[in-house]
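Read through the structure below, which is laid out as structure tokens, and then see the notes.
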Amino acid sequence: MSRIIGIDLGTSNSAASVMEGGKATMVPSEEGTSIGGKSFPSYVA
Numbered sequence: 116m117s118r119i120i121g122i123d124l125g126t127s128n129s130a131a132s133v134m135e136g137g138k139a140t141m142v143p144s145e146e147g148t149s150i151g152g153k154s155f156p157s158y159v160a
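Okay, so the sequence shown: first residue is 116 according to the working numbering, each after it adds one.
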């Protein structure tokens, strides 16, 4: 079974989700700094 991954690359924050079982699920941020802890800072190291 294939997975569909969505990534929102924002200027300050980014977010990601995965489609599993026909339902999109947001990938939580380990930082948890945003409302609901769903976005994370956008940077490349």
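Think of the CB as a built atom: it goes at the ideal place given N, C-alpha and C, for glycine as much as any other residue. Computed from a prediction, not measured in an experiment: that's the story for all the values here.
Leaving aside the five residues that flank N128 on each side, the residues in its chain whose CB is nearer than 8 Å to its CB run, in chain order, S149, S154, F155, P156 and S157. When DSSP states are grouped into helix, strand and coil, E135 belongs to the strand group.
Just so you know, the alpha carbons of G125 and S144 end up roughly 15 Å apart.
Rounded to the nearest whole angstrom, the C-alpha separation of A130 and A139 is 13 Å. In this structure, M141 lies away from I119, with their beta-carbon atoms at least 8 Å apart.
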